[in-house]
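Asker: Shown below is the structure under consideration.
There are 2 protein chains.
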Amino acid sequence: MSEIEKQYPFLMACRRQPTEYTPIWLMRQAGRYLKEYRALREKYSFLEMCKNPELAAQVTLQPIHRFKLDAAIIFSDILIPLEPMGVDFEFAKGEGPVFHHPLRERKDVEKLRIINPEEDVSFLLKAIRIVRKELEGKIPLIGFCGAPFTLASYLIEGGHSRDYILTKGMMYRDRPTWDALMEKISDVLIRYLQAQINAGAQAVQVFDSWVGCLSPRDYKAYVLPYSKKVIKGVGKQVPLIHFATSSSTLLELMKQAGGDVIGVDWRVDIGEAWERLGHNIAIQGNLDPVILFGSADLIGKEAKTILHLVKGRPGHIFNLGHGILPNTPVDHVAALINMVHEYSSR
Amino acid sequence: MSEIEKQYPFLMACRRQPTEYTPIWLMRQAGRYLKEYRALREKYSFLEMCKNPELAAQVTLQPIHRFKLDAAIIFSDILIPLEPMGVDFEFAKGEGPVFHHPLRERKDVEKLRIINPEEDVSFLLKAIRIVRKELEGKIPLIGFCGAPFTLASYLIEGGHSRDYILTKGMMYRDRPTWDALMEKISDVLIRYLQAQINAGAQAVQVFDSWVGCLSPRDYKAYVLPYSKKVIKGVGKQVPLIHFATSSSTLLELMKQAGGDVIGVDWRVDIGEAWERLGHNIAIQGNLDPVILFGSADLIGKEAKTILHLVKGRPGHIFNLGHGILPNTPVDHVAALINMVHEYSSR
């Protein structure tokens, strides 16, 4: 690892190097639970905030001004690269993303463009540059993308799904179209992450948020090769965190797909998960986001339990098991961060 | 086991006795994918069908007339015992259940009635008696209930939930109310299942459909004692299947809670799941319901894989990993049942 990385507990932990305390950041740490975020959201739509570099940078830094976080993550959305691929979607109020023309056939896949990030998502790259400058080297900045399966599921289902019937339907019934789609998304994601790294992202996270709907057999057959392609294609320049939810039976396969760090949700005992993965890979997680709605006592007890389960082994990054929830009490977030630092001090 | 049980491969498998072929039934086998079911639903609401013994019996038998299933399951809903407990809900079109007065406080719990099944759900018990008579001993009949956690989550959230913030909120912040609620639900469920058994149910299944949102620690602390109480309270008269989804990290704890059979979803390799559980308990599962939307070839291949993974060991009941989906092709269901019987013939 580089001399620069050595300054940062978060990057050190990604490389499984000892740190003075366990670093912590929180998925969706820039988000609706912060009143300064909600104030901006009254003036701008979610996508407007993603696409305006100054606003995106400002939102990225909001939690950093409040809390002693060990990393910032650029404010954006996993769906951002899809628009320049030629896909038309919006965030409908209270419903999540809605795609007006869900992708169903080979010809839909053929129409998808391979993006040129420097042109197509220049706002994101500019936001990364602004944040890096504003952070003045205090903490590192994480870039991110959705994993091929999760993005494909949005494209095919046209939004969130409960059963993923259409996505799995394409996998099972039209393998060539599925492969063509996953191939194309993978090519885009490699360029997309590389551009973020070139712009200044010091680590990247790949979110395979919905892959937990698959059996291990299907993950291996239909998904693993593409996640692997993306992770390999991005290269070893910066640490990569490979994250999924409801993925306790996929952990070994996710490791095969790659990443320096595997991110796990709260459904698994983090000690057992790391044991199964082997200790030659770092681990991130895994507090249930709902615990933050409990008392400070409960939060402290759970934080201690997680730190106890990983036994102070180098290579643990503390995080939630999924994104922070909208009504999370802000003072509980501050308490968690301080307790993780305090309890893990070596 | 009794001489009567020995006639039935399904009951034999529940007791881990060798059978001539692997028995199969399908969760929600009486449901919307059948056109004769949809025809009735045009005339009656879902709850009307549950509460009319003749209709419920008719619907229960619909899939039995079509397919060579090894068990029938009484047509009903896990929410049925809640109404006589004093809870007011409806099935809103396309939205699932909606509870008009979600349960939030101790006084809400205190108002809940302990039901007397012979009076309060006499329609269900009558439906069971009709079905037993109509089946003429050809295949056994399964009764069922929701598990305490899953029912509590509906009561507290007021319907389906994504994050279970209110349910976990009560667990974490008001343990006495949570315990009082779980205690009360457990008492009701024991009576509810015993009444079904007395009416003629030859096996019962406990559905803990949403418990997979919990960490193993929370399951152990807040749920396991109550599932255990129900299962113990029901007794050993008939085999009990203990089922949950997204539960791959909870399997060992579910076994501790009890049951003759553990039902697993498709997210876990069934061979590994059984290995972890130990072979002194039977297992049910675990085809992904979406596989039934694939080709007959794919369905056959997956059925073979599952049969291969359990190695023909006595004590496997073939099933889907969750309920059959509404648009499932009926001929694929027939094909699956025949293939499971054929491939497993010993």
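Protein chains in written order, with my numbering: chain A, 14 to 359; chain V, 14 to 359. Cβ coordinates follow ideal geometry from the N, Cα and C atoms, glycine included.
At what residue ranges does the segment 64-130 of chain V contain a whole run of the beta strand (DSSP E), taking only runs of 3 or more?
Answerer: Entirely contained in the segment 64-130 of chain V, the beta strand (DSSP E) runs reaching 3 residues are, in chain order, 102-105, 109-112.
Asker: Between Ala286/A and Ile296/A, which are expected to be in contact by the criterion C-beta below 8 angstroms, what is the C-beta distance as a whole number of angstroms?
Answerer: Confirmed, about 7 angstroms.
Asker: Using a Cβ distance threshold of 8 angstroms, determine whether the segment 80-96 of chain A contacts the segment 20-33 of chain A, with at least three qualifying pairs required.
Answerer: A contact exists between the segment 80-96 of chain A and the segment 20-33 of chain A.
Asker: Distance check for Asp301/V and Tyr235/V, CA to CA, integer angstroms please.
Answerer: Computed Cα separation, rounded: 29 angstroms.
Asker: Just to confirm before moving on: does the CB-CB distance between Lys241/V and Gly271/V stay below 9 angstroms?
Answerer: Yes, the Cβ-Cβ distance between Lys241/V and Gly271/V is below 9 angstroms.
Asker: Please report the residue range of the beta strand (DSSP E) in which Asp221/V lies.
Answerer: Start and end: 216-221.
Asker: Between the segment 49-64 of chain A and the segment 344-358 of chain A, do three or more beta carbon pairs fall short of 8 angstroms?
Answerer: Contact between the segment 49-64 of chain A and the segment 344-358 of chain A is absent, because fewer than three Cβ pairs lie under 8 angstroms.
Asker: Quick one: Cα of Thr237/V to Cα of Ala193/V, how far?
Answerer: In the sequence on display, residue 237/V carries Leu and not Thr. If you take the alpha carbons of Leu237/V and Ala193/V, they lie about 15 angstroms apart.
Asker: How close, in whole Å, do the beta carbons of Gly276/V and Ile254/V come, if the pair is a contact with beta carbons under 8 angstroms?
Answerer: Their Cβ separation, rounded to whole angstroms, is 5 angstroms, which keeps Gly276/V and Ile254/V in contact under 8 angstroms.
Asker: Can you grab the Cα-Cα spacing for the pair Leu311/V / Pro229/A, in whole Å?
Answerer: Cα-Cα distance, rounded: 16 angstroms.
Asker: Which residues does DSSP pair with Asn332/V in a beta bridge?
Answerer: Paired residues: Asn299/V.
Asker: Measuring only between beta-carbons, confirm whether Trp119/A sits less than 9 angstroms from chain V.
Answerer: According to the sequence shown, residue 119/A is Arg rather than Trp. Not an interface residue.
Asker: Tell me which residues share the same chain as Arg204/V and place their Cβ nearer than 8 angstroms to its Cβ, disregarding the 5 neighbours each side in the sequence.
Answerer: Excluding positions up to five away in sequence, the list reads Ile127, Ile128, Asn129, Pro130.
Asker: Report yes if the C-beta distance between Ser261/A and Trp223/A is below 9 angstroms; otherwise report no.
Answerer: No. Outside cutoff.
Asker: According to DSSP, His255/A sits in a beta bridge with which residue or residues?
Answerer: His255/A is bridged to Val219/A, Ile275/A.
Asker: Our contact map puts Val144/A next to Leu206/A with C-beta atoms below 8 angstroms; I'd like the distance itself, whole angstroms only.
Answerer: Val144/A to Leu206/A, Cβ: 16 angstroms. No contact.
Asker: Going by Cα to Cα distance, which pick from Val343/A, Lys146/A, Lys124/A, Glu315/A is closest to Asp231/V?
Answerer: The shortest Cα separation from Asp231/V among Val343/A, Lys146/A, Lys124/A, Glu315/A belongs to Glu315/A.
Asker: Please report how far the alpha carbon of Phe220/V lies from the alpha carbon of Trp191/V, in whole angstroms.
Answerer: Roughly 19 angstroms between the two C-alpha positions.
Asker: Count the other C-beta atoms from every protein chain shown that fall within 10 angstroms of the C-beta of Pro189/V, then say buried if there are 16 or more, exposed otherwise.
Answerer: By the 10 Å Cβ count, Pro189/V comes out exposed.
Asker: Across the segment 92-108 of chain V and the segment 38-47 of chain V, are there enough close Cβ pairs to call them in contact, namely three or more that are closer than 8 angstroms?
Answerer: No, the segment 92-108 of chain V does not touch the segment 38-47 of chain V.
Asker: List the endpoints of the continuous alpha helix (DSSP H) containing Phe136/V.
Answerer: Here the alpha helix (DSSP H) through Phe136/V covers 135-148.
Asker: How big is the Cα-Cα spacing for Leu333/V and Glu288/V?
Answerer: Using only the alpha carbons, I get a separation of about 19 angstroms.
Asker: Tell me, please, whether the CB atom of Tyr185/A is closer than 9 angstroms to any CB atom in chain V?
Answerer: Cβ-Cβ to chain V under 9 angstroms: yes for Tyr185/A.
Asker: Quick check: is the beta carbon of Gly225/V nearer than 9 angstroms to any beta carbon in chain A?
Answerer: Output row for Gly225/V: interface = yes.
Asker: Return the CA-CA distance between Phe138/A and Arg119/V, expressed in angstroms with no decimal places.
Answerer: Position check: residue 138/A holds Leu in this sequence, whereas Phe was assumed. When rounded, the distance between both Cα atoms is 52 angstroms.
Asker: Can you pull the chain A neighbours of Ile178/V, defined as C-beta to C-beta under 7 angstroms?
Answerer: Within chain A, the residues near Ile178/V are Val303, Phe306, Leu338.
Asker: What first and last residue would you give for the beta strand (DSSP E) that runs through Gly156/A?
Answerer: Its beta strand (DSSP E) spans residues 154-159.
Asker: Between the Cα of Lys181/V and the Cα atoms of Ile198/V, Thr163/V, Leu148/V, Val122/V, which residue gives the shortest distance?
Answerer: If we check each option's Cα against that of Lys181/V, Thr163/V comes out closest.
Asker: If we count the other Cβ atoms within 10 Å of its Cβ and call it buried at 16 or more, is Asp278/A buried or exposed?
Answerer: When all chains shown are included, Asp278/A counts as buried.
Asker: Closer than 8 angstroms by beta-carbon distance: list the chain A residues that pair up with Gly298/V, in chain order.
Answerer: Going along chain A, no residue has its Cβ under 8 angstroms from Gly298/V, so there is no contact; the nearest lies around 11 angstroms.
Asker: Might you give, ordered along the chain, the residues of its own chain that have their beta carbon closer than 7 angstroms to the beta carbon of Ala165/V, omitting 5 neighbours on each side?
Answerer: Closer than 7 angstroms at Cβ, skipping near neighbours: Thr180, Leu194, Met195, Ile198.
Asker: Starting from Asp282/A, find everything on chain V with Cβ-Cβ shorter than 9 angstroms and list it in chain order.
Answerer: Ordered by position in chain V, the residues that pass the 9 angstroms Cβ test against Asp282/A are Ser228, Pro229, Arg230, Thr262.
Asker: Please compile the residues from chain A whose C-beta is within a distance smaller than 9 angstroms of the C-beta of Lys181/V.
Answerer: Within 9 angstroms Cβ-Cβ: Asp301, Val303, Ile304, Phe306, Gly307.
Asker: Taking 7 angstroms as the limit between beta carbons, can you name the residues of its chain near Met267/A, skipping five residues before and five after?
Answerer: His255, Ala257, Ser260, Ile275.
Asker: Just to confirm my understanding: we take Lys245/V, look at its own chain, exclude 5 residues before and 5 after, and list those with CB closer than 7 angstroms. What are they?
Answerer: Excluding positions up to five away in sequence, the list reads Gly271.
Asker: Grab me the residues of His335/A's own chain with a C-beta within less than 7 angstroms of its C-beta, minus the 5 sequence neighbours each way, in chain order.
Answerer: Counting only Cβ-Cβ distances below 7 angstroms, and skipping sequence neighbours, we find Met40, Thr258, Asp278, Pro302.
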